[in-house]
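What follows is a short report on a single structure.
Numbering (UniProt numbering), first residue to last: 1 to 915.
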């Protein structure tokens, strides 16, 4: 444990280490020293064991062979002594569990008797449903306890208990029936509580009788009196059998660990373990979600006599610690949520595992595991929820978020795709497991780095003294989730408190068992492509919303002819759409602001690119009057979230080419959507020109010849309008425009509407940007032509900078005149857009990411990367690698300072040679 210094509201390390370095010196010696107060001297043993050691020591002086024999016997005796302690812990756990079952049975009899009267509290059917199989479980475990207790009480080293565990495992079928009925039982109990006040009062407080006094392990235990009997709710007690059966294999593992292979119990315990494992594998998917709400005592210093959870993973040292410690507070603590998150520490990004309990927020660091060592956490800091506040951008102590360049993030995605290709290739060849394991380890490392580098949205918390901690997340949706959970718990009026160092250590250790997230949540790092989401374009129409209400932010002053006083006005509302990509969420689209209405009708369509996406999120905001420049720069949206929700993107449903209507329900608010998915195979596939009129889908030289211009009119008009009012628009060209507006502009240009300029002035600037991108995407041949594209792809790969420049410029000037002039016109425009990067956030790289595939994507038959069986590579990864090549190609020309004008094509000496 790091040295912790207490404050009024939390603890932090005296000298925290900074940097994402999980390599730490071994702490085994310190852990041994820390465990001494609970276990005594590491060399201490029972009197019998000490006598054996003494006798062995004397005999050693007379015979070397005798020393070896006695040493083996001593080790065996020591292992059997450990076996006794494990069994003692199991017996104590059984006694506590029987107390829980008996607490369920106590009200069952009077309820059953009352059911036959004229005023029943519950019907016979309801009683049978709620207490289903509880009597049978009690009988099974009472028989097991009654048989195990005398054997442990009259302990000998030849004592056998394997037959009891084998019999217990053979009766797990009763648990199968209980688990199948569990959800129905809880729902029935909840309905009965709502219908009957008297039963609701009974179900809230079930009294556990004090444990039986026992002398099983020859250890003096402190037990509670009847006045101190524990109180549990009906739902808590009903969950005890579910939780217990999930741990059935752990107790057998521990018992086998300390049972010699030559002992008669060993094969019996192995058989019991096999039965338990087969049983758990059949029900694991149903009961795992409940594990996140496991109940622990404050500080995880749990009394052995009243806890079932911890004793099934008993080890000698852990058992004795748990055996002798009594909790100082009976208030239950539950885990609400845990996630891997990125913390900003002195300007550096650190990977953390954050646990939100019902009364505190705990930030931990996963320690590097040595070979054979169990997973462990280090506590970095914690804040009681009663003392926790949220910082905003305007707070003076808020630190700036260091941004990671998009180039670095995308390059990492390419590396992940390449490693995935290597893994798939090795799986097919099946040459060796070692190489495959190294590749998987490398993939895991890249996942961790991508998680560190991706998020840029600040989520700031502070303790009572104002000390702040900053997390980086990728989504406003996620930030809102954390805030809502914390606010819900703070309403329950928990008092402030401080944990002792021991309590903090025990709580941190318990996180290993309580965690619900066990790996970095990178969706794209999954090895099998069929599980990695959708690739292509998702068209989404946001129709309307209902169920919205007036909020306090709608109270404004209006001074005009009609209203000259403060009035409650309908809100101004808009929605944003997010999708997941490579394990984190990205904001993809935003509707227009619908003013003065609680029932907005947007009816706006968006086209969203999907990269392994599995979830679509929707956030509904109420527009606030002001937004500071600082908040815009650091990603803090000051508008108020009034509703949020999400839906899974089902590949089977969306593969249908028709529109799919759906509704996202969010706390009484409903937003109606329509969705249509187009896979990558068809989304950017260019088709040959069949149109004789219009501009979309018509070869660029045909359009310029018809218009008697060097650059198509649509390109010039869109560029002029964007430069007039869109140069400071955040995410220009990256944020999706409204698809219906884009289609309207497309129709206007195709029909040669003379009023198209007036139409554009009324359009959102993102729709104009989307129209320009759509024009280049629908060209029957890419701007760089199918014939020259392979040469461009080869030229960008040259390592010599001089040779690369000569080759690339020579190829550029080889383009047809209409293509060349149009590209240079667009290139100059994009460079001017990038000059406003500090405001619009569109760097050269961001612009290349948007326009690279649009300008360069060839026909499928001309794709540069082969998909032949000799070079196995998935379509999705082939796409990623080719797209990155197109991005790099356009980026090269954006960064190139001196590009000769078109009239130098035949005059320049530099480009006189053939390629």
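We treat Cβ as the ideally placed atom computed from N, Cα and C, and that holds for glycine.
- Residue 575 and residue 620 have their C-alpha atoms roughly 4 Å apart.
- One alpha carbon belongs to residue 699, the other to residue 854, and they sit about 15 Å apart.
- Counting C-beta atoms within 10 angstroms of its own C-beta, residue 591 has 16 or more neighbours from the protein chains shown and is therefore classed as buried.
- Excluding residues up to 5 positions away in sequence, 718, 721, 722, 726, 737, 745, 760 lie with their Cβ nearer than 8 Å to the Cβ of residue 768 in the same chain.
- Look at the UniProt domain "PH" (334 to 491) and you find these whole runs of beta strand (DSSP E), each 3 residues long or longer: 348 to 357, 360 to 366, 377 to 384, 389 to 391, 457 to 462, 468 to 473.
- With 16 or more neighbouring CB atoms inside 10 Å of its own CB, residue 363 falls in the buried class.
- With a beta-carbon spacing of about 4 Å, residue 891 and residue 848 fall inside the 8 Å limit used to define contacts.
- If the five residues before and after residue 175 are omitted, its C-beta is found closer than 7 Å to the C-beta atoms of 241, 245, all from its own chain and listed in chain order.
- Contact check for residue 342 against residue 388 fails: the beta carbons are separated by 8 Å or more.
- Nearest Cα to residue 708 within the set 657, 818, 616, 365: 818.
- Counting C-beta atoms within 10 angstroms of its own C-beta, residue 487 has fewer than 16 neighbours from the protein chains shown and is therefore classed as exposed.
- Counting the other CB atoms within 10 Å of its CB gives residue 85 a total of 16 or more, which places it among the buried residues.
- For the pair of segments examined, the region 807 to 821 was found to touch the region 777 to 796: the number of CB pairs separated by less than 8 Å reaches three.
- Assigned with DSSP and collapsed to three states, residue 842 falls in coil, not helix or strand.
- Here residue 667 carries a coil assignment [DSSP, helix/strand/coil].
- If you check the CB distance, residue 517 and residue 338 come in under 8 Å.
- Rounded to whole angstroms, the gap between the alpha carbons of residue 732 and residue 359 is 44 Å.
- Secondary structure at residue 892: helix, using DSSP grouped into helix, strand and coil.
- In the DSSP assignment, residue 506 forms no beta bridge with any residue.
- In the three-state reduction of the DSSP assignment, residue 549 falls in the coil class, being assigned neither a helical nor a strand state.
- Using a Cβ-Cβ distance cut-off of 8 Å, the region 144 to 164 and the region 117 to 129 are not in contact, since fewer than three pairs of beta carbons, one from each stretch, lie closer than that value.
- Secondary structure at residue 141: helix, using DSSP grouped into helix, strand and coil.
- The Cβ atoms of residue 579 and residue 610 sit closer than 8 Å to each other.
- In this structure, the alpha-carbon of residue 668 lies about 42 Å from that of residue 756.
- Put simply, the backbone Cα of residue 384 is about 18 Å away from that of residue 509.
- Taking a cut-off of 8 Å for Cβ pairs, the region 422 to 437 and the region 350 to 357 do not touch, as fewer than three such pairs fall below it.
- Residue 899 and residue 824 do touch by the CB rule: their CB atoms are close to 7 Å apart, below 8 Å.
- Taking a cut-off of 8 Å on C-beta distances, the region 637 to 645 touches the region 538 to 551, as three or more cross pairs fall below it.
- Counting C-beta atoms within 10 angstroms of its own C-beta, residue 571 has 16 or more neighbours from the protein chains shown and is therefore classed as buried.
- Of all alpha-carbon atoms in 829, 648, 608, the one lying nearest the alpha-carbon of residue 739 is that of 608.
- Check the Cα spacing between residue 374 and each of 274, 623, 896, 512: the tightest is with 512.
- Residue nearest to residue 603 within the set 157, 816, 671, 542 is 542 (criterion: CA-CA distance).
- Looking only at 901, 885, 897, the smallest Cα-Cα distance to residue 411 is reached by 885.
- For residue 750, the uninterrupted alpha helix (DSSP H) segment begins and ends at 739 to 750.
- Residue pairing from DSSP leaves residue 763 without any beta-bridge partner.
- Our two residues, residue 843 and residue 837, have alpha carbons roughly 6 Å apart in a direct line.
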